[in-house]
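Numbering (my numbering), first residue to last: 41 to 288.
Idealized CB from N, CA, C, for every residue including glycine.
Take a look at the structure set out below.
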Amino acid sequence: MPKVTFLGTASAIPDANHQNAHIVIKGGNRVVLVDCPGNPFVRLHQAKINPLSITDLILTHFHPDHVTGFPLLLMDLWLIKRKAPLMIYGLPGVLEKCKQMMGLYDWDEWNDFFPVTFVECPNIEGSLLFASEEIKVWASPAEHLIPSISLKASFVEGSICYSGDTAPSNAVVNLAKGCDILIHEATGNENGHSSPGDAGKIAQTAGVKRLFLIHYPFDRNPKVLLQEAKANFSGTVVVAEDLMVVEI
Ligand SMILES: [Zn+2]
């Protein structure tokens with residue numbers, strides 16, 4: 041059964057119970073880590089997901105709360121003797137900065153490093169990132185302060201859309217149409233972000249069945265977040281928590 045594991049649910053400022061937003065999407069043999077804050081090994085272990093099982097890494101945008109764990113993820117995978125290739129997807133500017141970040145650590149001198157393939161995501165609505173028998177993943181440009189992407193993953197059993205960081209966006213509505221689940225950010229009324237009410241509106245317009253709120257300020261009352269989203273959405277709303285697992 042395909043599933044999503046929430047490794048972190050906080051907006052830019054984390055606390056002990058809310059790491060910065062990152063999730064794992066699992067379908068068949070593909071284990072896809074989306075974003076890379078902190079040191080992802082911590083939550084992966086807590087979620088009982090073997091870091092070596094990750095096949096794909098998607099970076100939605102180059103803000104610190106989404107990418108600072110990238111060098112640590114690569115270094116720790118190397119230290120535990122990963123041999124399998126890792127696919128890394130992102131917008132061209134994001135991948136370039138990730139390479140620069142690794143360059144600061146002279147990673148070309150790390151002996152016997154596992155194969156890494158960078159795959160540029162075009163800044164075009166509905167770009168197919170990869171497809172296997174069990175999972176297909178698409179990306180669309182979101183509306184954030186810097187270039188950022190939203191994602192859709194579909195399986196035989198159903199589909200999910202993840203907004204990433206974005207203001208209310210028609211591209212997200214289009215991506216989420218026909219999906220069972222929408223995972224939408226709920227930072228608040230800030231430039232380049234969405235409120236829980238906005239997330240509810242997007243979920244309603246796209247016609248999804250369930251809405252999960254993510255990337256919310258850890259100190260906001262979850263009941264209030266829920267109420268604000270429910271005011272605009274007739275389906276099920278859940279405030280995602282770290283280590284929550286959702287089957288698709
Ligand atoms: Zn963010």
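1. For a minimum of 3 consecutive residues, which ranges assigned as the beta strand (DSSP E) are wholly contained in the segment 121-171?
2. Counting along the chain, where does the alpha helix (DSSP H) carrying P181 start and finish?
3. For ligand 1, any of its heavy atoms closer than 8 Å to the Cβ of H224?
4. Which two residues bound the contiguous alpha helix (DSSP H) that contains D83?
5. Only counting the same chain, and skipping five residues up and downstream in sequence, which positions put a Cβ closer than 6 Å to that of D116?
6. Nearer than 8 Å: is that true of the beta carbon of D148 relative to any heavy atom of ligand 1?
7. Should I98 be labelled buried (16 or more other beta-carbon atoms within 10 Å of its own) or exposed?
8. Which of helix, strand or coil does DSSP assign to A207?
9. Mind checking which residues open and close the beta strand (DSSP E) that includes L283?
10. Suppose you measure from the CA of D152 to the CA of H184; what does that come to, to the nearest Å?
11. Could you check which residue in E230, K217, N79, P91 has the C-alpha nearest to that of P292?
12. For the segment 216-233 against the segment 244-251, do three or more pairs of beta-carbon atoms, one drawn from each stretch, fall closer than 8 Å, so that the two count as touching?
13. I want to know whether the segment 152-162 touches the segment 196-207 - three or more CB-CB distances under 8 Å.
14. Given that a residue counts as buried once 16 or more other Cβ atoms are within 10 Å of its Cβ, and exposed if not, what is P236?
15. What first and last residue would you give for the beta strand (DSSP E) that runs through L191?
16. Enumerate in chain order the residues of its own chain whose CB-to-CB distance from R70 is below 7 Å, with the five nearest sequence positions on each side excluded.
17. Which one or two residues does DSSP pair with N60 in a beta bridge?
18. Considering just the uninterrupted stretch of the alpha helix (DSSP H) at H106, what are its terminal residues?
19. May I have the straight-line CA-CA distance separating D55 from G240, to the nearest angstrom?
If we stick to the structure as given:
1. The segment 121-171 contains these whole beta strand (DSSP E) runs: 126-130, 156-160, 167-171.
2. Where P181 is concerned, there is no enclosing alpha helix (DSSP H), although the beta strand (DSSP E) it sits in stretches over 176-181.
3. Not so, every heavy atom of ligand 1 lies at least 8 Å from the Cβ.
4. This sequence places Arg at residue 83; Asp is not what is there. Its alpha helix (DSSP H) spans residues 80-86.
5. Correct list, in chain order: F81.
6. no
7. Classification for I98: buried.
8. Judged by DSSP in its simplified three-state form, A207 adopts coil rather than helix or strand.
9. Counting along the chain, L283 falls outside any beta strand (DSSP E), and DSSP gives it neither H nor E.
10. 37 Å
11. Lying before the first or after the last residue shown, residue 292 is absent from the chain, which here runs from 41 to 288.
12. yes
13. no
14. buried
15. L191: member of the beta strand (DSSP E) spanning 189-195, first to last residue.
16. T95, D96, S172, E174, I175
17. A50.
18. 104-107
19. Rounded to the nearest angstrom, the gap between the Cα atoms of D55 and G240 is 25 Å.
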